[in-house]
Amino acid sequence: DLPAFLACYHDQAELFRMPEREPSMVGKAAIAERYGTQVFTVPDHHAELLGRLSSGNKVIDHERVLGLRPEPSEVFVIYEVQQGLITKVWFHTVK
């Protein structure tokens with residue numbers, strides 16, 4: 029459900045792929061384009077939540093992502109939340 033997914037994000041949210049310092053996406057329109065055409069359209073895509081930690085305005089998820097690549101991948105996703113909306117996300121793929 030792309031609209032429900034996007035409702036969690038601030039209009040100017042920034043998404044980063046670690047260790048890059050510059051965001052790979054900025055704003056809901058960019059997030060909608062990427063997830064709407066390359067993630068939500070993949071029939072077998074899903075993420076299993078393996079663990080979650082939170083402290084203050086940060087939430088850290090440990091996920092196993094399936095369906096985007098031939099083999100499952102593990103990812104740590106760090107969310108920064110301000111006024112109930114996600115403002116920044118950092119993705120770190122475990123290798």
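Numbering follows my numbering, in which position 76 of the sequence shown is assigned residue number 104; successive positions increment by one, without gaps. Backbone N, C-alpha and C fix where the C-beta goes; we use that ideal spot for every residue, glycine too. Note that the coordinates shown come from a computational prediction; the quantities given were computed from them, not determined experimentally.
Can you tell me whether Ala57 is buried or exposed, with buried defined as 16 or more other CB within 10 angstroms of its CB?
Here residue 57 corresponds to residue number 29 of the sequence shown, with the count starting at 1. By the 10 Å Cβ count, Ala57 comes out exposed.
Given this structure, state the Cα-to-Cα distance separating Pro98 from Asp72, to the nearest angstrom.
By one-based count along the sequence shown, residue 98 stands at place 70. By one-based count along the sequence shown, residue 72 stands at place 44. Their backbone Cα atoms lie some 11 Å apart in a straight line.
CA nearest to the CA of Asp29, picked from Tyr63, Phe44 and Pro100:
As a working mapping, residue 29 is identified with position 1 in the sequence shown. Ranking Tyr63, Phe44 and Pro100 by Cα distance to Asp29 puts Tyr63 first.
Output yes or no for whether 9 Å exceeds the beta carbon distance between Lys116 and Phe44.
For this step, residue 116 is matched to residue 88 along the sequence shown. For this step, residue 44 is matched to residue 16 along the sequence shown. Yes, these two residues count as a Cβ contact at 9 Å.
Under 9 Å between the Cβ atoms of Ala35 and Gly55?
As a first step, residue 35 is located in the sequence shown; it is residue number 7 there, counting from the start. As a first step, residue 55 is located in the sequence shown; it is residue number 27 there, counting from the start. No.
Helix, strand or coil, according to DSSP, for Ala60 in the structure here?
For the purposes of this step, residue 60 is taken as residue 32 along the sequence shown, with counting starting at 1. Helix at Ala60.
Could you tell me which of Glu91, Phe33 and His74 sits nearest to Leu81, measuring between CA atoms?
Here residue 81 corresponds to residue number 53 of the sequence shown, with the count starting at 1. With distances taken between Cα atoms, Leu81 lies closest to Glu91.
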